[in-house]
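Sequential numbering from 2 applies to the sequence shown in this note's numbering. Every residue gets a Cβ at the ideal spot worked out from N, C-alpha and C, and that includes glycine. Since we're looking at a predicted model, the values are computed, not measured. Only one structure is covered here, and it is reproduced in the block below.
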Amino acid sequence: MNAKAEPSAAPPLLSIVTPVFNGRAHLQACIDSALPALGSDPALTIEHLIIDGASSDGSAELLAEQARRHPHLRVLSEPDSGQPEAINKGVRLSRGSFVCLLNADDVFDPRGLQAALAALASLRHRSDRILIGNLAIRNAAGEMIHTTRHQPFSLYRLLLGEMPINPLSYFYPRSLHECIGWYDEQDHYSHDIDFLIRAARHLRPVHLDAVIGEFRMVAGSKTLTTIEDGTLQQRKLAVIQRHRRQLSSRERLLLNAWRLRNRLVGLRPSSR
């Protein structure tokens with residue numbers, strides 16, 4: 002399948018990148034969740050790149066059918082080494098000013114995506130901003146268990162092991178890759194954390210008080226599997242420790258200041 006865009010088409014505002022491998026059961030809902038954002042405003046255009054790693058469950062056939070129906074869909078189906086390579090392929094093919102990652106088993110909230118597009122339009126020429134919204138989280142039983150809200154985003158929070166945002170809830174400038182490179186294709190579990198830590202040196206957050214979408218803990222998914230087997234935190238800590246070793250003396254001082262601040266906040270008496 003061909004993921005090339007029409008050469009005469011104007012660049013979209015947002016490129017949504019979805020990596021998938023044998024995810025047919027969830028793909029239709031994923032695709033449909035972005036459709037309400039189409040055509041509402043000519044300035045708020047999107048493209049949806051779905052990078053299929055040569056699935057054997059009918060995903061490629063479904064994607065071919067959907068691409069014929071929806072011109073904003075760009076599909077590539079070929080073998081890859083895993084999720085980070087698929088993401089890199091999608092971003093390299095993308096043409097939007099901003100990028101968002103939407104996993105095949107997650108969905109957008111239509112109103113949240115519309116709000117994000119409106120906010121991104123005002124940031125179109127700001128290559129130093131990351132737009133961050135809220136995120137609803139469902140467990141494997143389909144129950145809504147939590148909604149993330151505004152969380153300060155900084156390099157030092159990330160280096161202290163705090164992961165305030167999920168890839169579905171943020172939108173970053175495509176040009177960022179020219180500064181920091183691509184997702185680590187050797188890291189199939191913590192590539193998003195590694196990317197965020199590198200990105201935090203270059204981007205300032207803009208917060209949007211809207212639920213962007215739903216992160217779903219699907220049975221058998223990498224996220225749920227690593228939570229259940231206890232390796233999620235180990236993998237995350239290994240990435241963080243690698244970045245800590247690369248800090249300058251000044252950055253180490255600032256990291257210690259953040260650590261002390263967190264301890265003092267933890268000791269603060271409750272107002273209740």
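#1: Would you kindly report the start and end of the unbroken alpha helix (DSSP H) that includes Pro37?
#2: So, at 8 Å on beta carbons, what are the nonlocal neighbours of Ile194 in its own chain, with the 5 sequence-adjacent residues on each side left out?
#3: Out of Leu45, Pro111, Ala11 and Glu86, state which residue places its alpha-carbon closest to the alpha-carbon of Cys31.
#4: Where do the ends of the beta strand (DSSP E) carrying Tyr173 lie?
#5: Cα separation between His27 and Leu254?
#6: Per DSSP, what kind of secondary structure is Ile166 in: helix, strand or coil?
#7: Please list, in chain order, all residues of the same chain as Asp58 whose beta carbon is under 6 Å from its beta carbon, the five residues on each side excluded.
#8: If we define contact as Cβ-Cβ less than 9 Å, is Leu77 a contact residue for chain C?
#9: Which term fits Ala117, buried or exposed, when burial requires 16 or more other beta carbons within 10 angstroms of its beta carbon?
#10: What separation, rounded to the nearest whole angstrom, lies between the Cα atoms of Leu18 and Phe99?
#11: Taking just the CA atoms, how far does Ala38 sit from Pro206?
#12: With DSSP as the reference, label Asn89 as helix, strand or coil.
On the basis of the supplied data:
#1: Residue numbering aside, residue 37 sits at position 36 when the sequence shown is read from its first letter. Counting along the chain, Pro37 falls outside any alpha helix (DSSP H), and DSSP gives it neither H nor E.
#2: By one-based count along the sequence shown, residue 194 stands at place 193. Answer for Ile194: Leu159, Met164, Lys237, Val240 and Ile241, listed in chain order.
#3: Walking along the sequence shown from the start, residue 31 turns up at place 30. Minimum Cα distance to Cys31 is reached at Pro111.
#4: Taking the sequence shown and counting its residues from 1, one reaches residue 173 at position 172. Segment Tyr171 to Pro174, the beta strand (DSSP E) holding Tyr173.
#5: Here residue 27 is taken as the residue at index 26 of the sequence shown, counted from 1. Here residue 254 is taken as the residue at index 253 of the sequence shown, counted from 1. About 46 Å.
#6: Translated into positions along the sequence shown, residue 166 becomes position 165. Three-state DSSP puts Ile166 in coil, outside helix and strand.
#7: To locate residue 58, count along the sequence shown from 1; it is residue 57. Once the five neighbours on either side are set aside, the close Cβ partners of Asp58 are Asn23 and Arg25.
#8: The displayed structure is made up of one protein chain only, and chain C is not part of it.
#9: Residue 117 sits at position 116 when you count from the first residue of the sequence shown. When all chains shown are included, Ala117 counts as buried.
#10: Within the sequence shown, residue 18 is the residue found at index 17, counting from 1. Within the sequence shown, residue 99 is the residue found at index 98, counting from 1. The sequence shown places Val at residue 18, not Leu. The alpha-carbon atoms of Val18 and Phe99 are separated by roughly 11 Å.
#11: Stepping through the sequence shown from its first residue, residue 206 is reached at position 205. Stepping through the sequence shown from its first residue, residue 38 is reached at position 37. Computed Cα separation, rounded: 23 Å.
#12: Taking the first residue of the sequence shown as position 1, residue 89 is located at position 88. DSSP places Asn89 in helix when its eight states are reduced to three.
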